[in-house]
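Numbering (this note's numbering), first residue to last: 572 to 717.
Have a look at the structure below before the remarks.
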């Protein structure tokens, strides 16, 4: 039986680190990607999303390692989508800010027997991080014209 592997994130400016995450997830089973809603980007990152949720979803869905992509839940309980997907594995990025204790509690309370795994390390390259890419664009003072 092929396992369902759930991956979540903003996936705002897609970079090789994201592709690495999807590729590693695909080695474990069918990859279901949950793309963060715009309102959750504002809440968790304290800034406006660079790319809107529908466009991010469309880009993520087009990646060959992704079986299915969907938008996450709006509101306080970002874990609710787990009940819909019912994953066998939840794969977290190496620096993904998720309260694993709350996640395990949610899984237990809802009778979901998913294994929570975390990639041990990120790709050790420059600009394989959305925040670093945004910072670099600001440093270069790049002006985008229509």
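Idealized CB from N, CA, C, for every residue including glycine.
key: Reference residue 690, options 579, 572 and 573, closest by Cα   = 579
key: Continuous alpha helix (DSSP H) stretch holding residue 599: start and end   = Where residue 599 is concerned, there is no enclosing alpha helix (DSSP H), given that its DSSP letter is neither H nor E.
request  = Using DSSP bridges, identify the partner residues of residue 689.
outcome  = 663
task = Apply the 10 Å Cβ neighbour rule to residue 628 and answer buried if 16 or more other Cβ atoms are within range, or exposed otherwise.
result = buried
message = Here's the rule I'm using: 16 or more other beta-carbon atoms within 10 Å means buried, otherwise exposed. How should residue 587 be labelled?
response = exposed
inquiry  = Here's a check: name, in chain order, each residue in its chain whose Cβ is nearer than 8 Å to the Cβ of residue 623, leaving out the five neighbours to either side.
reply    = 609.
Start and end residues, beta strand (DSSP E) containing residue 639 = In the DSSP assignment, residue 639 falls within the beta strand (DSSP E) that extends over 639 to 642.
query = With 16 as the cutoff for other CB atoms within 10 Å, does residue 572 come out buried or exposed?
reply = exposed
ask   = So residue 677 and residue 637 are in contact, right, with Cβ under 8 Å, and what is the actual spacing, rounded?
value = That pair is no contact at about 23 Å.
key: Nearest neighbour of residue 639, chosen from 712, 606, 692 and 649 [CA to CA]   = 606
ask   = By how many angstroms is the C-alpha of residue 688 removed from the C-alpha of residue 574?
value = 14 Å
request  = Give me the Cβ distance between residue 621 and residue 584, rounded to the nearest whole Å; I'm assuming they're in contact under 8 Å.
outcome  = 6 Å
request  = Locate the beta strand (DSSP E) running through residue 575, then write down its first and last residues.
outcome  = Counting along the chain, the unbroken beta strand (DSSP E) around residue 575 starts and ends at 575 to 580.
query = Tell me, which residues are paired with residue 630 by DSSP?
reply = Beta-bridge pairing links residue 630 to no other residue.
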